[in-house]
Amino acid sequence: MRIAVLDVGSDSAHLTITDLRAGEPPRPVARVKHPTRLAEAINRDGAINGPTARRLVSAVQQAVRAAEAEGTDQVIAFATSAVRDATNREEIIEQVASATGVTLGILPGEDEARLTFLAARAWYGWSAGQMLLLDIGGGSLEIAVGDGTEPAAGLSLPLGAGRLTREHLPDDPPRHKQLRRLHRHVDEQLAATLGALSDQPPPVQAVATSKTFTQLAKLTGAPKAKAGPYAHRVLDRGRLRALLPRLAKMTDKQRAKLRGVSKSRARQVLAGAVVAEAVMTSLDLESVHICPWTLREGITQRRLQTLPLSAAVAGDIACLIQTPPHRPRQRPELRFGPPASAIALWLFCLKCLGYPRPRSNETGGTDQLGDSPV
71 MRIAVLDVGS
81 DSAHLTITDL
91 RAGEPPRPVA
101 RVKHPTRLAE
111 AINRDGAING
121 PTARRLVSAV
131 QQAVRAAEAE
141 GTDQVIAFAT
151 SAVRDATNRE
161 EIIEQVASAT
171 GVTLGILPGE
181 DEARLTFLAA
191 RAWYGWSAGQ
201 MLLLDIGGGS
211 LEIAVGDGTE
221 PAAGLSLPLG
231 AGRLTREHLP
241 DDPPRHKQLR
251 RLHRHVDEQL
261 AATLGALSDQ
271 PPPVQAVATS
281 KTFTQLAKLT
291 GAPKAKAGPY
301 AHRVLDRGRL
311 RALLPRLAKM
321 TDKQRAKLRG
331 VSKSRARQVL
341 AGAVVAEAVM
351 TSLDLESVHI
361 CPWTLREGIT
371 QRRLQTLPLS
381 AAVAGDIACL
391 IQTPPHRPRQ
401 RPELRFGPPA
411 SAIALWLFCL
421 KCLGYPRPRS
431 NETGGTDQLG
441 DSPV
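Convert by adding 70 to the 1-based position in the sequence shown; the result is the number in the numbering used here.
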């Protein structure tokens with residue numbers, strides 16, 4: 071089965087296409103990403119404005135076309151906090167469905183935390199033991215902890231990098247009082263909610279996922295992008311704390327020139343760094359390992375768990391599964407044996423080696439491969 075997972079997030083519409091077979095690892099086919107920049111473009115009343123809505127629809131259209139071109143069997147399309155929290159979210163969902171034929175499902179924050187935890191568990195395996203997961207998105211911060219496939223506890227807080235930039239850091243570069251207010255707000259949010267994790271044992275492995283954490287790790291010395299997404303990367307809290315004053319003094323354009331920071335995320339990387347440092351301090355984490363798998367891979371893992379069963383038993387993602395609106399007719403899967411040239415070469419090699427050995431028949435002659443003896 072070939073599935074497409076479409077994640078409409080605060081910064082981009084990110085599509086991953088994967089081949090799934092029961093009992094086998096997921097096999098990536100293609101990846102497509104288009105900007106949405108929702109977190110920074112929401113009106114004061116909490117609504118997604120017209121130009122941003124049109125950009126979102128265009129991003130989903132391009133993703134759906136890519137999914138159709140690759141012959142996907144199912145599309146799992148969902149939106150996270152930026153659309154989930156928008157006051158006009160039903161209108162946005164209707165606009166997307168009308169233009170693309172795909173209905174965006176809305177994932178609650180707790181499901182985001184659980185499915186992202188599933189991705190990290192699949193990546194690190196059971197040897198990670200008690201695992202703590204951190205995920206900073208554009209609109210929210212997810213935290214999950216546990217020693218199984220499913221987390222024992224999970225939280226979703228409105229501490230996304232894009233949201234905090236829009237609400238607390240309007241100036242470029244930000245003023246000192248704006249930054250102090252942001253630090254205070256983040257600390258208060260964490261102090262009010264992290265008590266829910268107090269009964270959990272200390273983690274054996276602390277991991278973080280998301281573009282924000284990956285960028286911060288690169289800024290503090292982790293391998294560059296050219297090392298690939300699966301290079302071992304760690305974010306050190308001490309180095310992150312030392313980086314904060316430097317980021318605070320820089321403009322968006324200056325941050326965009328730093329290694330590992332894309333132009334589209336340069337504005338919000340400071341707020342992301344503030345949240346990362348604060349949550350690591352609150353949880354007494356000296357460092358976190360960067361996991362390359364994210365929410366999309368968690369949804370892929372959940373779908374893989376249900377194969378070859380129907381979509382109806384796919385648990386927390388069942389309502390997200392759809393058929394592509396204009397999926398091309400699928401060609402039957404043809405399975406061939408070795409090509410004729412390969413068989414001929416194999417027979418030739420056997421003949422050169424003297425196999426099979428001649429054996430006597432009833433008439434006293436010999437049976438052997440190849441031409442009859444001259």
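Beta carbons: idealized from backbone N, C-alpha and C, even for Gly.
Whole-angstrom C-beta distance between residue j and residue i, which should lie under 8 angstroms
i: Met320; j: Pro243; result: 6 angstroms
i: Ile360; j: Thr284; result: 6 angstroms
i: Thr290; j: Leu310; result: 6 angstroms
i: Gly79; j: Thr173; result: Incorrect: roughly 17 angstroms between the Cβ atoms, too far for contact.
i: Ala276; j: Leu355; result: 5 angstroms
Classification of residue i by the beta-carbon crowding that lies within 10 angstroms, buried from 16 upward
i: Val274; result: exposed
i: Thr122; result: buried
i: Ser332; result: exposed
i: Trp394; result: Just to set this straight, residue 394 is Pro in the shown sequence, not Trp. Buried.
i: Ala262; result: exposed
i: Ala84; result: Reading off the sequence shown, one finds His at residue 84, where the question assumed Ala. Counting Cβ neighbours within 10 Å, His84 comes out buried, since at least 16 surround it.
i: His246; result: exposed
i: Pro363; result: For the record, residue 363 in the displayed sequence is Trp; it is not Pro. Burial call: buried.
i: Ser168; result: exposed
i: Glu335; result: Residue identity differs from the one stated: residue 335 is Arg in this sequence, not Glu. Buried, because 16 or more other Cβ atoms sit within 10 Å of the Cβ of Arg335.
Straight-line gap, residue i to residue j (C-alpha atoms, nearest Å)
i: Gly218; j: Leu267; result: 16 angstroms
i: Gly330; j: Ala189; result: 23 angstroms
i: Leu328; j: Leu286; result: 11 angstroms
i: Ala125; j: Gln248; result: What sits at residue 125 in the sequence shown is Arg, not Ala. C-alpha separation (whole angstroms): 30 angstroms.
i: Ile118; j: Leu340; result: 23 angstroms
i: Ala74; j: Ala100; result: 9 angstroms
i: Arg91; j: Asp115; result: 46 angstroms
i: Gly224; j: Ala136; result: 33 angstroms
i: Arg372; j: Ala312; result: 39 angstroms
i: Ile176; j: Gln338; result: 24 angstroms
i: Ala214; j: Arg307; result: 19 angstroms
i: Glu180; j: Gly208; result: 16 angstroms
i: Val230; j: His104; result: According to the sequence as given, residue 230 is Gly; it is not Val. One C-alpha to the other measures close to 19 angstroms.
i: Gly265; j: Leu252; result: 21 angstroms
i: Lys294; j: Asp155; result: 34 angstroms
i: Asp241; j: Glu138; result: 42 angstroms
i: Asp77; j: Thr235; result: 21 angstroms
i: Asp81; j: Pro95; result: 28 angstroms
Counterpart residues of residue i in DSSP-defined beta bridges
i: Leu225; result: Ile213
i: Val102; result: Leu85
i: Val134; result: Bridge partners of Val134: none, in fact.
i: Arg97; result: Asp89
i: Gln275; result: Met201
i: Asp306; result: Ser357
i: Gln144; result: Ile73
i: Gln52; result: Outside the displayed range of the chain (71 to 444) lies residue 52, so it cannot be described from this structure.
i: Val78; result: Ala83 and Ala149
i: Ile112; result: Ile118
Close beta carbons around residue i, own chain, < 8 angstroms, minus the five adjacent residues each side
i: Val304; result: Ala287, Ala292, Ser357, Val358, His359 and Ile360
Sequence-distant residues of the same chain with beta carbon closer than 7 angstroms to residue i, five excluded per side
i: Lys323; result: none
i: Gly199; result: Asp217, Val274 and Gln275
Spatial neighbours of residue i in its chain, beta-carbon cut-off 6 angstroms, leaving aside the 5 residues before and after
i: Tyr300; result: Pro362
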